[in-house]
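Novice:
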Amino acid sequence: MKALVTGGGGFLGRSIMRKLLARGDTVRVLGRRPYPDLAALGVETVRADLQEAAAVQSACLGMDAVFHVAARAGYWGSWASYYGPNVIGTENVLHGCRKAGVRKLIYTSTPSVVSARGNLEHVDERVPYGEKFECPYPATKAQAEQLVLKANGTDGLLTVSLRPHLIFGPGDPHLLPRIIERGQHGQLIQVGNGANKVDVVYVENAADAHLLAADRLGQAPIDGQAYFISQGAPVVLWAWINTILERLGLPRIRRKMSYRTARTVGAVLEIAYTVLPLRGEPRMTRFLADQLATSHYFDISKARRALGYEPRISTDEGLEITLKSFAGCRTRAT
Numbered sequence: 014m015k016a017l018v019t020g021g022g023g024f025l026g027r028s029i030m031r032k033l034l035a036r037g038d039t040v041r042v043l044g045r046r047p048y049p050d051l052a053a054l055g056v057e058t059v060r061a062d063l064q065e066a067a068a069v070q071s072a073c074l075g076m077d078a079v080f081h082v083a084a085r086a087g088y089w090g091s092w093a094s095y096y097g098p099n100v101i102g103t104e105n106v107l108h109g110c111r112k113a114g115v116r117k118l119i120y121t122s123t124p125s126v127v128s129a130r131g132n133l134e135h136v137d138e139r140v141p142y143g144e145k146f147e148c149p150y151p152a153t154k155a156q157a158e159q160l161v162l163k164a165n166g167t168d169g170l171l172t173v174s175l176r177p178h179l180i181f182g183p184g185d186p187h188l189l190p191r192i193i194e195r196g197q198h199g200q201l202i203q204v205g206n207g208a209n210k211v212d213v214v215y216v217e218n219a220a221d222a223h224l225l226a227a228d229r230l231g232q233a234p235i236d237g238q239a240y241f242i243s244q245g246a247p248v249v250l251w252a253w254i255n256t257i258l259e260r261l262g263l264p265r266i267r268r269k270m271s272y273r274t275a276r277t278v279g280a281v282l283e284i285a286y287t288v289l290p291l292r293g294e295p296r297m298t299r300f301l302a303d304q305l306a307t308s309h310y311f312d313i314s315k316a317r318r319a320l321g322y323e324p325r326i327s328t329d330e331g332l333e334i335t336l337k338s339f340a341g342c343r344t345r346a347t
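The sequence shown runs 14 to 347 under our numbering.
1) Ends of the alpha helix (DSSP H) at G109?
2) Excluding the 5 residues flanking D185 on each side, which residues of the same chain have their C-beta closer than 8 Å to its C-beta?
3) Please classify I284 as buried or exposed, where buried requires at least 16 neighbouring CB atoms within 10 angstroms.
4) Give a yes or no on contact between the segment 101-114 and the segment 66-78, applying the rule of three or more CB pairs nearer than 8 Å.
5) Run through the segment 123-211 for me and flag every whole beta strand (DSSP E) of 3 or more residues, listed as ranges in chain order.
6) Note the first and the last residue of the continuous beta strand (DSSP E) segment covering I242.
7) Here's a check: name, in chain order, each residue in its chain whose Cβ is nearer than 7 Å to the Cβ of S338, leaving out the five neighbours to either side.
8) Distance, Cα to Cα, E138 vs Y240?
9) What does DSSP give as the partner residues of R41 in its beta bridges?
10) Looking only at its own chain, which residues have a Cβ that is under 7 Å from the Cβ of L301, when we skip the five neighbours before and after it?
11) Between S94, Q70, E57, which has its C-alpha nearest E375's C-alpha?
12) Over what stretch of residues does the alpha helix (DSSP H) that includes V213 continue unbroken?
13) State buried or exposed for E323, treating a residue as buried only when at least 16 other CB atoms are found within 10 Å of its CB.
14) Measure the Cβ-Cβ separation of T172 and L224 and say whether it is below 8 Å.
15) May I ask you to report which of helix, strand or coil DSSP gives P281?
16) Sorted by chain position, which residues of the same chain lie with C-beta nearer than 6 Å to A233's C-beta, five sequence neighbours on each side aside?
17) From what residue to what residue does the beta strand (DSSP E) around I334 run?
18) Assign R273 to one of two classes, buried (16 or more other C-beta atoms within 10 Å of its C-beta) or exposed (fewer than that).
19) For the beta strand (DSSP E) containing L118, name the first residue and the last one.
20) Specify whether the segment 304-315 and the segment 202-211 touch according to this definition: at least 3 beta carbon pairs, one from each stretch, less than 8 Å apart.
21) Quick check: what's the CA-CA separation for T344 versus G262?
22) What is the DSSP secondary structure of V69, counted as helix, strand or coil?
In structure tokens form, the structure reads like this:
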């Protein structure tokens with residue numbers, strides 16, 4: 014199989030790329046930066062932005078499958094800064110696939126497309142998209158996913174969307190490094206009562222799901238559908254974070270903030286960062302408060318049944334591997 018991986022130089026994209034190479038597939042990577050280490054592995058690299066329609070179409074030429082992993086993620090920023098890469102970029106990928114005669118498109122989405130205030134406990138893919146998003150990221154990802162699924166069956170293109178949640182593992186540039194950094198400086202604050210459960214997924218398991226979806230497209234009736242991807246059992250978020258801190262020799266979280274207070278603080282900071290010339294991003298937003306204080310975990314029975322997905326690496330094993338990769342982190346109690 015000849016496959017294009019958008020965002021192939023990123024965290025999940027690299028894992029997908031390595032698995033494709035390991036089984037003998039030909040891989041092309043599209044990204045905004047040069048990746049000489051990937052070229053050394055025999056990967057063709059295309060330096061382009063997703064919003065460059067002609068470049069995206071050119072990258073799709075000759076491909077059997079496209080793994081559209083690239084996106085702008087986060088909890089703060091202007092609408093335009095998310096809409097461009099996430100929606101326009103996806104439109105360009107879809108157009109490129111159809112023009113180039115690509116047969117399969119595997120889209121990396123997020124469970125946040127169904128985000129809503131309150132708990133989402135063991136819900137499946139029948140739960141509707143969110144109606145009112147408080148952050149451009151889930152809103153634009155929801156738009157993009159709907160474009161992908163609507164495009165299924167057009168010009169011979171089969172599409173599928175995967176929704177991995179809180180991906181962790183070696184090479185993680187965001188989730189654990191941010192926890193560790195703030196833990197080192199005593200800046201972590203528990204939001205809510207600490208009992209909320211969330212799904213996580215080890216990066217290798219998430220990559221497995223993408224390859225399974227690619228292989229099943231055209232062979233099984235999975236096209237035009239979305240699938241939640243996780244470890245299959247949620248973690249208690251704040252207990253899991255404290256476990257990570259303890260394993261790294263850092264103190265447990267002692268400070269707490271109620272969910273209601275966090276929402277209020279988030280709303281105030283959102284206004285401040287919108288009207289004042291403040292740099293960076295607010296430490297709290299309403300969307301972030303929801304993510305930190307409510308339960309959101311999902312039933313992956315559909316992925317198990319239709320894709321044959323099963324998380325091969327357990328959460329404990331994945332965390333062990335991940336923490337070993339962070340062994341060089343300088344930890345200190347504060």
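Each residue gets a CB set at the ideal place from its N, CA and C atoms; glycine is no exception.
Specialist: According to the structure data:
1) Per DSSP, G109 belongs to the alpha helix (DSSP H) from 102-113.
2) So the qualifying residues of the chain are F24, V216, T335.
3) Flag for I284 reads exposed.
4) Contact holds: three or more Cβ-Cβ distances are below 8 Å.
5) List check, beta strand (DSSP E) in window: 133-136, 171-177.
6) 239-242 is the extent of the beta strand (DSSP E) around I242.
7) Cβ neighbours of S338 within its own chain (closer than 7 Å, five residues either side excluded): P183.
8) The alpha-carbon atoms of E138 and Y240 are separated by roughly 7 Å.
9) Bridge partners of R41: L17, E57.
10) Shown here for L301: same chain residues with a beta carbon closer than 7 Å to its own, the five before and five after excluded, namely Y88, G279 in chain order.
11) Residue 375 lies beyond the stretch modelled for the chain, which goes from 14 to 347, so this question has no answer here.
12) First-last for V213: undefined, no H or E at that position.
13) Answer is exposed; the Cβ neighbour count stays below 16.
14) Not a contact, by the Cβ cut-off of 8 Å.
15) The residue asked about is misnamed: residue 281 is Val in this sequence, not Pro. Secondary structure at V281: helix, using DSSP grouped into helix, strand and coil.
16) Excluding positions up to five away in sequence, the list is empty.
17) Per DSSP, I334 lies in no beta strand (DSSP E) segment; the continuous alpha helix (DSSP H) that holds it begins and ends at 328-338.
18) It is exposed - the Cβ of R273 has fewer than 16 other Cβ atoms within 10 Å.
19) It spans 117-121 - the beta strand (DSSP E) in which L118 sits, taken as one unbroken run.
20) With three or more CB-CB distances shorter than 8 Å, the segment 304-315 counts as touching the segment 202-211.
21) For T344, the predicted model reports a pLDDT of 41, less than 50, meaning its position is unreliable; a value from the coordinates is still stated below. One C-alpha to the other measures close to 6 Å.
22) The answer is helix: DSSP assigns V69 an H, G or I state.
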